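Converting from the sequence shown to my numbering requires adding 776 to each position, the first position being numbered 1.
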Amino acid sequence: MSAADLMAVLLERYLRYDFDAPTDSRNDHLVFSKGHASPLLYALYRAAGAIDDEALLSYRQRGSRFEGHPTPVLPWVDVATGSLGQGLPIGVGIALAGKRLDRLPYRVWVLTGDGELAEGSMWEAFEHAAKAGLDNLTAILDINRLGQTRETMHGWDIAAYSRRLTALDWHTIEIDGHDVCAVDAAYAEALATTDRPTAIIARTIKGSGVSAVADRAGMHGKPLDDFEGALAELGAATHRRITVRVKKREGNPTPHHFPSGALQLPTYAVGSMESTRRAFAEALVAVGCARGDVVALDGDVDNSTYTELFAAALPERYFEMYIAEQQMASTAVGLQVRGWVPFASTYGAFWSRAFDFIRMAAVSRANIRLSGSHAGVSIGPDGPSQMALEDIASFRTIWESTVLYPSDANQTAQLVAEMADRAGVVYMRTTRGKTPVIYGPDEAFPIGGSRLVRSSTADKVTLIAAGITLHEAVTAAGILATSGIPARVIDLYSIKPIDVLTLAAAARETGRIVTVEDHRPEGGLGEAVLAALADANVHPRVSRLSVSQMPGSASPEEQLADAGIDAAAIVAAARRLVGA
């Protein structure tokens, strides 16, 4: 209700949108960062004639598309919101697509609440939008003073917000959000502003128009006691049948397209040494050259993730997001709204800062590809703050996600190519140090598969590993063979989805399994294997090796030994199982 006047003017005069063609590239984008205002968003759809009363009245009921917070199950909703502090960051991504990739005149309008302005992600978005000169982005700040439980940090001090945004080089306009003439003028001024984004800072009243709830604390999310009286006070008898004719953008501009070509993945000689983090970056350049829709993002570590190679080869499609992982994840989501194929990279440990944004990307049904380098204790002396030891677990929990952990450079390159067409949230874990190339460049590695690196009908134990620990497992298998214990080795490069059939066959045929991972025991490769075997109703003896202690600084070899996940530890675990 506080933002109803703001949105009514936008809908009637400024939004350019064809509700019959929601995928039209000429359409503006309207994002409700304050997703709890969903009744207002759905009311706009009703006013525009996109839905009828019956649809609107199914709000929050089982099976209804009109959920408590908007999601893209509705064709006019670009992204899911509701977890506050995310709509504006995603809006920045959409606006970046319009400016740098699509090169179209559509505008991005984002309605924000004042409560979410306490979120640091909002200020990451404000700063990046100004840095990028996104004059196609307008943030509409609904400053209604009241949060869910109390007054917000700055209340109605709209000058406080204005000072901060002006300092960040935004154009700011302070208005009474219920003065429709002032609202109209503010939108016109935003359209006329160039070289910088505009923030319309509107002083509003929560519950505006209904005296029983207007500017009253403690009414957040609660139904009105006297809704008939409220409707009468709002003049519903006169105005409820009004239909707004939303204008469409004139002309027939088409999105910009970058050239495409044949895919020529990098190749690596068997027996050579290369890191999977570099192979990821080199393969990404190849995929980007082959596909004009592929873009890359990084968070000020591109000389470690090697995405600097993409920046040098394809600068128009590279986005430096600086040390702002939440904004980087949001930008990826915003870019994919417009059909671009984003690959975002940073250290695996740092993706944990953006976990809620990744979780919400799944709710948005977004297709994003994320790479986490420097995984595990094997990074060596940098210490635990830089070690991704929880990333497999966290990404496995994401709805319909894909989790990949390649073991050599050629495998990495093949999987990067597959990632480009993979739906949902796709995560690749890469290793800092160089590892032996054990696969040929033309070998296929389908997502959901695994690879038998070593096997025989006489195998007494199966060693299951991925990434850095696969090479330790191969070494361990050689040592075990010399003492009369043939061992099967499985490269579980696809942790989700997982190759249940191969795992179940190994469990039945050898009866003993050792899983080894450079990751915490909770939620990692070992638990993924156990879950797969439980689903297959196969029950071998299992020993799980993982990083259970808090590491410090040491060499990579020392780290693996101290964590008990090196070849010697694998040999000892296998011997215990076979001896038992």
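Idealized CB from N, CA, C, for every residue including glycine. Bear in mind the structure is a predicted one, so any value in this text is a computation, not a measurement.
Query: Unbroken stretches of the beta strand (DSSP E), 3 residues or longer, contained in the stretch 1075-1126; Result: 1094-1096 and 1117-1123
Query: Coarse secondary structure for H996, derived from DSSP in three states; Result: coil
Query: Inter-residue CB distance, T1207 and I1244 (contact presumed, cutoff 8 Å); Result: 5 Å
Query: Chain-order list of residues whose beta-carbon lies under 6 Å from that of F1119 (same chain, five-residue window excluded); Result: L1060, A1072 and R1145
Query: Proximity winner among A1199, G1156 and D1132, relative to S1170 (alpha-carbon distances); Result: D1132
Query: Cβ pair N803, Y790 closer than 7 Å; Result: no
Query: With 16 other Cβ atoms within 10 Å as the buried cut-off, status of S809; Result: buried
Query: Helix, strand or coil at R1025 according to DSSP, with G and I counted as helix; Result: coil
Query: Sequence-distant residues of the same chain with beta carbon closer than 8 Å to Y882, five excluded per side; Result: R792, S801, R802, N803, D804, H805, G874, N912 and R1025
Query: Three-state class that DSSP yields for W1360 in the structure shown; Result: Within the shown structure, residues of the chain are numbered from 777 to 1356, placing residue 1360 beyond reach of any answer.
Query: C-alpha gap between L1090 and Y1203, whole angstroms; Result: 22 Å
Query: Three-state secondary structure (DSSP) of S1161; Result: helix
Query: Delimiting residues of the beta strand (DSSP E) encompassing Y1203; Result: V1201 to R1205
Query: Local Cβ density within 10 Å of E1058, reported as buried at 16 or more and exposed below that; Result: buried
Query: Cβ contact (3+ pairs, closer than 8 Å) linking the stretch 968-984 and the stretch 906-921; Result: yes
Query: Rounded Cβ spacing between A1196 and R1067 (contact assumed at less than 8 Å); Result: 6 Å
Query: Residues bridged to D918 [DSSP beta-bridge criterion]; Result: G889 and A978
Query: Selected residue, minimal CA-CA separation from L877, among D1275, T1107 and D1001; Result: T1107
Query: Residues near L872 by beta carbon distance below 8 Å, same chain, minus five either side; Result: A908, L910, F1095, T1107, G1110 and L1111
Query: Three-pair Cβ contact test at 8 Å for the stretch 1033-1053 versus the stretch 810-830; Result: no
Query: Closest by C-alpha distance to V1265, when choosing among T1258, D1275 and V1290; Result: V1290
Query: Distance, V956 Cα to A1360 Cα; Result: No information on residue 1360 is available, as it lies outside the stretch 777 to 1356 that the chain covers here.
Query: Straight-line Cα distance separating G1005 from R939; Result: 40 Å
Query: Coil, strand or helix - K875 by DSSP; Result: helix
Query: Residue from A1138, A1304, Y1098 and A1343 whose Cα sits closest to the Cα of V1113; Result: A1138
Query: Beta-carbon contacts of A1142 that lie in its chain and below 6 Å, excluding the five residues immediately before and after; Result: V1109 and Q1112
Query: Per-residue DSSP class, three states only, for S1147; Result: strand
Query: Distance between beta carbons of S778 and K982, contact taken as under 8 Å; Result: 5 Å
Query: Segment contact, 8 Å Cβ cut-off, at least three pairs: the stretch 879-894 with the stretch 1120-1130; Result: no
Query: Expected contact under 8 Å - CB spacing of T1238 and A1308 to nearest Å; Result: Wrong, their Cβ atoms sit about 13 Å apart, outside the cutoff.
Query: Between the CA atoms of A901 and E1303 - distance to the nearest angstrom; Result: 37 Å
Query: Extent of the continuous alpha helix (DSSP H) to which L1239 belongs; Result: Careful: L1239 lies outside any alpha helix (DSSP H), inside the beta strand (DSSP E) at V1237 to A1241.
Query: With 16 other Cβ atoms within 10 Å as the buried cut-off, status of V849; Result: exposed
Query: Simplified DSSP assignment, three categories, for V853; Result: coil
Query: Environment of E830 [buried if 16+ CB atoms lie within 10 Å]; Result: exposed
Query: Closest residue to Q1103 among D1076, V1192 and A784 (Cα-Cα distance); Result: D1076
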